[in-house]
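One structure is given below, encoded as structure tokens.
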Amino acid sequence: MLQLDFIKLVAGLGLPLLSTILGLFVGNIILFDSLLISAVCGYFCYSILAIHPAYCIAAAAVLCLILFLIQHTQIGFWAVAMLLSYCWGFAFAVFAYFISGNSQLWFYSVLISGFIIMLLLHIKANKNSLK
């Protein structure tokens with residue numbers, strides 16, 4: 031009985047939260063990419079370089095702003111969109127590779143389809159931001 035209540039709680043709270051996050055990701059992938067990259071760089075700035083957290087947060091904020099602005103130029107958009115679409119596709123492909131029992135067919139299939147889908151999401155987000 032307790033497990034059923036937990037499942038209802040996860041379904042009632044988790045699914046709307048997950049759909050909200052996915053909706054924000056799909057609709058604002060340019061902003062999401064900028065935030066993700068700057069957060070990762072801020073983390074590595076603190077953990078590997080052992081720089082004071084305030085400086086790392088400031089550097090991450092500046093990086094986020096720069097990446098966001100670069101993605102709103104014609105050349106910057108295509109350079110960043112192609113690179114990040116490949117990175118997203120590669121991340122999905124590695125996940126599929128391990129899930130499928132080390133199948134290279136799944137790896138390359140997911141890599142190509144993931145790259146195309148993510149590139150189309152970048153193009154869609156760019157068109158929406160220009161309106």
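Sequential numbering from 31 applies to the sequence shown in this note's numbering. Ideal Cβ positions, reconstructed from N, Cα and C, are used throughout, including at glycine.
Which residues in the same chain as residue i place their Cβ atom closer than 7 angstroms to its Cβ, once the five residues preceding and following it in sequence are excluded?
{"i": "Y116", "result": "F145"}
{"i": "I81", "result": "C75"}
In the DSSP assignment, find the alpha helix (DSSP H) that holds residue i and state where it starts and stops.
{"i": "Q104", "result": "Q104 to I129"}
{"i": "I78", "result": "Taken as a continuous stretch (DSSP letters only), I78 belongs to no alpha helix (DSSP H), as it is neither H nor E."}
Residue j and residue i - do their beta-carbons sit closer together than 8 angstroms?
{"i": "Q104", "j": "I60", "result": "no"}
{"i": "G72", "j": "A90", "result": "yes"}
{"i": "L149", "j": "A111", "result": "yes"}
{"i": "C86", "j": "C75", "result": "yes"}
What residues in its chain sit with their C-beta under 6 angstroms from that of residue i, if we drop five residues either side in the sequence?
{"i": "L114", "result": "D63"}
{"i": "F122", "result": "V140 and G144"}
{"i": "N156", "result": "F107"}
{"i": "G130", "result": "Looking at the sequence shown, residue 130 is not Gly but Ser. Closer than 6 angstroms at Cβ, skipping near neighbours: W136."}
Quick one: Cα of residue i to Cα of residue j, how far?
{"i": "V140", "j": "N132", "result": "13 angstroms"}
{"i": "L79", "j": "V124", "result": "28 angstroms"}
{"i": "S68", "j": "F128", "result": "28 angstroms"}
{"i": "L135", "j": "A88", "result": "43 angstroms"}
{"i": "N58", "j": "V92", "result": "19 angstroms"}
{"i": "K154", "j": "V70", "result": "25 angstroms"}
Ignore the nearest five residues each way along the sequence and tell me which others in residue i's own chain have a CB closer than 8 angstroms to its CB.
{"i": "F98", "result": "I60, L61 and S64"}
{"i": "W118", "result": "G144, F145 and M148"}
{"i": "I142", "result": "G119"}
{"i": "Y138", "result": "A123"}
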